[in-house]
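First up is the structure itself, then whatever we jot down about it.
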Ligand code: VGL
Ligand code: ZN
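Residue numbers (our numbering): 4 to 210.
In structure tokens:
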């Protein structure tokens with residue numbers, strides 16, 4: 004059987020780029036990498052973090068400070084500045100991202116009281132987004148992942164893809180981390196490699 008590979012472009016949105024509400028350092032540098040792959044890979048999905056106002060992941064929803072740890076939740080989670088509010092400019096894709104090429108736009112984190120880092124399963128670890136079925140219906144057995152942020156949504160998406168039995172290639176130049184704690188990005192890359200993801204350069208993937 005022909006093994007199709009799908010591209011997953013994770014959350015390349017204004018709020019995750021420099022100047023945005025939850026800026027990922029040098030997050031905008033993934034845009035040309037994503038565009039090279041979007042031009043090359045016909046089976047592509049771009050994800051969009053898309054939260055209602057007052058979303059559970061926002062520190063403001065509980066009166067906490069942004070980037071504070073919510074120790075009451077299990078496992079403890081970081082609380083974020085308000086970001087990617089549905090319909091706002093911050094939730095829009097980076098203006099230079101070649102979204103016209105994408106086959107599927109998948110919004111996630113759309114419900115008030117569940118976040119979703121992974122493009123596959125929401126943070127309750129029960130609710131599927133439908134992406135696994137979409138990939139399998141179209142015959143994709145492997146995925147190439149780029150986007151933001153390495154230490155959150157990219158990692159969660161990559162680990163779930165591996166758990167679903169997909170081959171996973173992470174493009175090193177095509178991902179950037181929030182790095183809320185120093186070393187988070189490197190640890191995330193190690194965790195993905197340990198789960199069987201290949202960390203490759205763009206040239207290796209295009210070859
Ligand atoms: C993300 C934190 C909150 C991400 C989304 O795209 O990695 N991180 N929402
Ligand atoms: Zn979010």
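Don't be surprised by glycine CBs; every beta carbon is placed ideally from N, CA and C.
Own chain residues within Cβ distance below 6 Å of residue 60, not counting five before or after: Stepping through the chain shown from its first residue, residue 60 is reached at position 57. These residues qualify, in order along the chain: 83 and 118.
Residues bridged to residue 83 [DSSP beta-bridge criterion]: On the chain shown, position 80 is the one that residue 83 refers to. Its beta-bridge partners are 61.
Coil, strand or helix - residue 144 by DSSP: Here residue 144 is taken as the residue at index 141 of the chain shown, counted from 1. Strand.
Distance between residue 19 and residue 189 (C-alpha atoms, nearest Å): Taking the first residue of the chain shown as position 1, residue 189 is located at position 186. Taking the first residue of the chain shown as position 1, residue 19 is located at position 16. So the two alpha carbons sit approximately 19 Å from each other.
Which of helix, strand or coil DSSP assigns to residue 47: Numbered from 1 along the chain shown, position 44 holds the residue referred to as residue 47. Annotated three-state conformation of residue 47 is strand, per DSSP.
Cut-off 6 Å between Cβ atoms - residues of its own chain near residue 201, not counting five sequence neighbours on either side: By one-based count along the chain shown, residue 201 stands at place 198. Taken in chain order, the residues that qualify are 172.
Contact shell at 7 Å, judged by CB to any heavy atom of ligand 2, ordered along the chain: In chain order, the hits are 52, 54, 60, 83, 86, 87, 112 and 118.
CB contact flag (residue 174, residue 146, <9 Å): Within the chain shown, residue 174 is the residue found at index 171, counting from 1. Within the chain shown, residue 146 is the residue found at index 143, counting from 1. No, they are not a contact pair.
Which of helix, strand or coil DSSP assigns to residue 182: Here residue 182 refers to the residue found at position 179 of the chain shown. Three-state result, residue 182: coil.
Beta-carbon contacts of residue 155 that lie in its chain and below 7 Å, excluding the five residues immediately before and after: The sequence position of residue 155 within the chain shown is 152, counting from 1. If we look at residue 155 and ignore the five residues flanking it on each side, its Cβ neighbours are 120 and 181.
Cut-off 7 Å between Cβ atoms - residues of its own chain near residue 68, not counting five sequence neighbours on either side: Translated into positions along the chain shown, residue 68 becomes position 65. Here the set comprises 62.
Span separating the alpha-carbon of residue 77 from that of residue 210: Residue 77 sits at position 74 when you count from the first residue of the chain shown. Residue 210 sits at position 207 when you count from the first residue of the chain shown. Rounded to whole angstroms, residue 77 to residue 210 spans 43 Å at the Cα level.
Through-space distance from residue 10 to residue 35, alpha-carbon basis: As a working mapping, residue 35 is identified with position 32 in the chain shown. As a working mapping, residue 10 is identified with position 7 in the chain shown. Computed Cα separation, rounded: 14 Å.
7 Å CB neighbourhood of residue 17 in its chain, flanking five on each side removed: As a position in the chain shown, residue 17 is number 14, starting the count at 1. Counting only Cβ-Cβ distances below 7 Å, and skipping sequence neighbours, we find 23, 92, 93, 95 and 97.
Residue span of the beta strand (DSSP E) that contains residue 201, given as start and end: For this step, residue 201 is matched to residue 198 along the chain shown. Residue 201 -> beta strand (DSSP E) spans 201-203.
Cβ-heavy atom distance, residue 152 to ligand 1, below 8 Å: Residue 152 sits at position 149 when you count from the first residue of the chain shown. At least one heavy atom of ligand 1 is nearer than 8 Å to the Cβ of residue 152, so yes.
Residue ranges of each beta strand (DSSP E) within the segment 102-153, 3 or longer: 107-111 and 143-151
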